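Take 1 as the starting number for the sequence shown in UniProt numbering and just add one per residue. Virtual Cβ for every residue (Gly too), placed ideally from N, Cα, C. If you're wondering where the values come from, they're calculated on a predicted model, not measured in any experiment.
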Amino acid sequence: MHAVAKARSTQLLTTSPLHYLLLTSTAMDIILGIRVQGATLIATSKAATRGISILKDTDDKTRVLNPHNLVAYTGESGDTVQFAEYVQANIQLYTMRENHELSPQATASFVRNQLATSIRSRKPYQVNVLIGGYDTKTGAASLNWIDYLGTQVELPYAAHGYAAFYCMSLFDRHYRADMSVDDGLELMRRGLKELETRMPVDFKGVYVKVVDKDGIRPVDI
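Structure (structure tokens):
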């Protein structure tokens, strides 16, 4: 009897308007990435939302994993920060212990493995990430798309949440493999303009960061 009551209460919670709003608010986060010649660009929205409320307009949804790898995240509020800081600490610990910086591919594989392991546990992380990196040995930039199921794909451009509905077709039309950083920033501006015009939410602007041979730096857009 108790189990039936608990199941009914869980069903009511997961089908309630509040639950829908909480799920929708995480999908409203803007997470965009573009790989260009010798660099990767990452843009994340500044708004931290809960349901229909904006709690903060200076929220940085990225963490520096090592000098040439940056993770951008979206998902459930508690999960995102906890997971990002967990992988950040472990990757930095590896660097200190081995005196060796993980490559972008190794970094993405580690993060993917953590999410793939998590989804099979009793308390999985509800986190989607983009990892922008620069390989100091090969001189190649990379962009990895990873979702909460542990699916990993390396892409020339990527997005998470509702932003993907508005930006992916635009990126597909205008992206070129030989784009410079300035070209990539211009394409990012076009994507953000599309979001400002069509997306029914104020995401309070974005933080944009560049990952290249010189490391990770913020840029104005």
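- Distance between Gln92 and Ile119, taken at the CA atoms: about 24 Å.
- Take the alpha-carbon of Val36 and the one of Ser121: they are about 37 Å apart.
- By alpha-carbon distance to Tyr86, the top candidate from Ser103, Val64, Arg176, Gly191 is Val64.
- Rounded to the nearest angstrom, the gap between the Cα atoms of Val181 and His174 is 14 Å.
- With a beta-carbon spacing of about 7 Å, Ala39 and Tyr134 fall inside the 8 Å limit used to define contacts.
- In this structure, Ala108 sits near Asn144, with a CB-CB distance shorter than 8 Å.
- Here His160 is buried. Its C-beta has 16 or more other C-beta atoms within 10 Å.
- Straight through space, the alpha carbons of Ser103 and Arg198 are spaced by roughly 37 Å.
- Taking the CA atoms as reference points, Asp214 sits about 28 Å from Val127.
- The Cβ neighbour count for Ser142, taken over all protein chains shown within 10 Å, is at least 16; the residue is labelled buried.
- Less than 8 Å divides the Cβ of Ile42 from the Cβ of Gly132.
- Between the alpha carbons of Phe165 and Phe171 lies a distance of about 11 Å.
- For the segment 118 to 190, the full-length beta strand (DSSP E) segments reaching 3 residues or more read 127 to 135, 140 to 146, 152 to 154, 157 to 160 along the chain.
- Contact annotation: Lys209 and Pro218 have beta-carbon atoms nearer than 8 Å.
- The DSSP-derived three-state label of Ser103 is coil.
- Selection Met188, Pro200, Asp212 evaluated against Thr44 yields Met188 as nearest (Cα-Cα).
- In terms of Cβ geometry, His68 and Thr136 form a close pair [threshold 8 Å].
- Assigned with DSSP and collapsed to three states, Gly51 falls in coil, not helix or strand.
- Closest option to Asp147, judged by alpha-carbon separation, among Gln114, Cys167, Ser169, Met179: Gln114.
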